[in-house]
Amino acid sequence: MKVRVRFAPSPTGYLHVGGLRTALYNYLFARKYGGAMILRIEDTDRTRLVENATEMLIDSLKWAGVEYDEGPDIGGDFGPYVQSERLAIYQKYVAELIGSGHAYYAFDTQDEIAAMRESKTDSFDTKYDRKVMKNQFTLGPEKTQELLANGAEYVVRLNVPENHEVRFQDLIRGDVSVNTNDIDDQILLKSDGFPTYHLANVVDDYTMGITHVIRGEEWLPSTPKHVLLYEFFGWLTPQFAHLPLLLNHDKSKLSKRQGSVAVEDFREKGYLRDAFVNFIALLGWNPTADREIYEIEELIGLFNLEKVNKGGAVFDTAKLDWMQQQYLKDLPAESLGTMLESELAKHGYNSKDSTKTAAIAHLFRERVIFVSEIPTFASYMFVDDYPIDSEYLAKHWNSDTRNLILPLIEIYRNLDSFSHDEIAAVTKEYSKSSNKKMGEIIHPLRLILTGKPNGAGMFDTMQLIGKEKCIRRFDDFISKYGV
RNA sequence: GGUCCCAUCGACUAACGGUUAGGUCACCAGCCUUUCACGCUGGCAGUAGGGGUUCGAAUCCCCUUGGGAUCACCA
């Protein structure tokens, strides 16, 4: 049987990094086995809908490279792929369940439900008491029909049998079993006519031919309800795989509280897609542990659900930054240049010479994590009013260093070719003839030309700044700081 | 609190009964050097505790402890 998996977010906001990992694992699994990946939008809670959320979700998924074969924006043979467009389907299956006695009508108001819970001594016991509340069992068939005929508000609840072990196999966790005495008569159809997650998700997974349900561990406690539904419908259950949670530093479920969790935020910060996906993929699963950097195709080939960890993984971005740098270093100069160009535009810097921009980006790629840092890290590459580090100035500018640099400036002034090699050659020669170490000469140069103690190789830097500008900076500096 | 799930360095993880418990990030030291980085070399650091089973346990079983998830007309 062909593998069919789905990622089923609800459109209540941005794509969460945990959601991305779930989507990614579904994707890797589908690709590995030549199956289909489905995107389904679970929008049955009309109170939590967020405008454009579906578009944002799709946008983040596309950015991450998580492609799906069927979905709301591309269609497919099992549509519609938005739950609010499938109401008739749920109605039909709910009727079936009521007919077979596995679900029933209940007419309690929300206030009555609240009162029932209030009256319990155990504040944690929120289970619906079928025997005393207002439903088709306590009311009887005639009264029930009368209420329905009069258009009374109602919900449909799952008729959970007593004292029955529900067991299922989880691909990651093995055997799981729960007694039905611990399961509530879950509402399947809300009074607004929309299904709850539990009903919709089971009906959709079945009607869409889903073979493997790969989702977050937070769903584990409600899976027995779903298994019960499959049983009542007489359907075979799909294979379940409950993924470990992504955690905050304090080990609680990853949330907004302690930093960014929206995929979009990481994208905006400047993380490279491949680096981010690589990092996310290795949170909870690891192919061999002898490497860290994997291309997406490799991840697909190596993916194995049974090797996914059981324990949660702390989402710590220190390693992500390292990965980002690894990927940045391997990017070709042209790509780096294009990225830098758009960053320069944000600063209003001129970047017409794309060859030069690419060279600059390439020069600094090992010194930053994000390309966006370059305009400020190396502002002297783009403007003439770069700041002068006062400590560096104090350390490397005095009459001695001035006297040492003055003749060298004249040598540079007479240079025909202001290339790295030429500059290096004459500077080394000067170092020898003046009997000074290269470091002693280069620091004053760096001070004058860049204003700061850290940066790329000096001769590369000089070549990129250009002869004219270098000479002007020397002259201006001498006249300004004299000594 | 009930139910369910989980437990290897600070973090991500490898070791599917036999290893001096391995790798990566972070951290520390050294090397390289034209500063900063990169890179290279080395170091610090872990099987939660207790019982079993076994010739042999991080690995299998039980208990304890700890952590987490969940308990809505939310997903």
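The numbering of the first sequence is the working numbering, which starts it at 728 and goes up by one.
We treat Cβ as the ideally placed atom computed from N, Cα and C, and that holds for glycine.
Please read all numbers here as calculations on a predicted model, not as lab measurements.
C-alpha distance - residue i paired with residue j, whole-angstrom precision
i     : j     : result
L766  : H1147 : 54 Å
S1126 : T1084 : 36 Å
K858  : D835  : 13 Å
N877  : I801  : 42 Å
G761  : D1111 : 57 Å
V930  : L866  : 29 Å
T934  : A815  : 13 Å
V1215 : F1042 : Limits of the chain in this structure are 728 at one end and 1210 at the other, which puts residue 1215 out of reach.
L1120 : G1182 : 15 Å
R894  : Q872  : 36 Å
Y855  : P951  : 17 Å
L875  : Y752  : 45 Å
F864  : L885  : 13 Å
I1150 : F1186 : 6 Å
G936  : S982  : 32 Å
Y795  : L788  : 9 Å
P868  : P799  : 41 Å
T1082 : S1062 : 11 Å
L1090 : N1130 : 30 Å
Y881  : F921  : 12 Å
T938  : Q966  : 6 Å
Y754  : F805  : 18 Å
E845  : F851  : 10 Å
T964  : D838  : 36 Å
G803  : G961  : 26 Å
L1174 : I1138 : 18 Å
V809  : S1069 : 37 Å
T848  : A842  : 12 Å
Y1157 : E1118 : 26 Å
Per DSSP, cross-strand counterpart(s) of residue i
i     : result
A763  : R731
Y752  : BP columns for Y752 are empty, so no partner.
L885  : A830
V1110 : V1110 is not bridged to any residue.
H702  : This structure leaves residue 702 out entirely; the chain is present only between 728 and 1210.
E797  : I765
R894  : S904
G802  : G798
V722  : Past the boundaries of the shown model lies residue 722; the chain is included only from 728 to 1210, so the question cannot be answered.
K1034 : Paired residue(s): none; K1034 is not in a bridge.
K980  : L974
V809  : I768
Residues near residue i in its chain [Cβ-Cβ closer than 6 Å; skip 5 each side]
i     : result
A1002 : M1050, Q1051 and Y1054
V887  : T907, I910 and D912
S949  : none
L1029 : P1014
F1006 : L1047 and M1050
Beta-carbon proximity list for residue i, same chain, < 8 Å, skipping 5 on both sides
i     : result
R984  : N975
V883  : V821, L824, I825, A830, Y831, Y832, A833, I914, L915 and L916
L1071 : N1077, S1078, T1084, P1102 and F1109
T724  : The chain is shown from 728 up to 1210; residue 724 falls before or after that span and cannot be answered.
Contacts around residue i, its chain only, beta-carbon distance under 7 Å, and the 5 residues preceding and following it disregarded
i     : result
K1056 : R1092 and E1093
W1012 : K1034, V1035 and N1036
A757  : V730, V732, A763 and M764
D1116 : G1178, K1179 and P1180
P738  : I768, D770, L776, V777, A780, T781 and L784
G746  : P736
Closest by C-alpha distance to residue i, when choosing among the options
i     : options                       : result
E778  : R813, F805, D796 and G740     : G740
D786  : K1079, F1204, I816 and E991   : E991
L1172 : Q966, K1159, P1134 and F895   : P1134
A927  : R900, A1040, Y957 and V905    : Y957
L955  : R1199, H925 and D1203         : H925
H953  : S904, S982, P971 and R1000    : S904
T1188 : Y808, K1073 and I1087         : I1087
Y1208 : F959, E1024 and W1124         : W1124
D1202 : K1164, I1136, E1156 and V1153 : I1136
V793  : L1191, M728 and I1027         : I1027
E1100 : I1132, L1067 and A750         : L1067
I1192 : R1018, S1106, Y808 and T1128  : S1106
K980  : G1038, Y998 and R773          : G1038
N1141 : C1197, V1098, S1161 and G1184 : C1197
E1195 : F1145, I1205 and V744         : F1145
#### Entry: Sequence ranges, beta strand (DSSP E) only - wholly within the stretch 897-973, length at least 3
Counting whole runs of 3 or more residues, the stretch 897-973 contains the beta strand (DSSP E) stretches 901-906, 914-916, 939-943 and 966-970.
### Message
To test your reading of the DSSP string, which unbroken alpha helix (DSSP H) runs of 4 or more residues are found completely within the stretch 1119-1147?
### Response
The stretch 1119-1147 contains these whole alpha helix (DSSP H) runs: 1126-1140.
### Query
Enumerated in chain order, which unbroken segments of the beta strand (DSSP E) with a length of 3 residues or greater are wholly contained in the stretch 1041-1081?
Listed in chain order, there is nothing to give.
### Message
For a minimum of 4 consecutive residues, which ranges assigned as the alpha helix (DSSP H) are wholly contained in the stretch 840-870?
### Response
DSSP runs (the alpha helix (DSSP H)) wholly in the stretch 840-870: 863-866.
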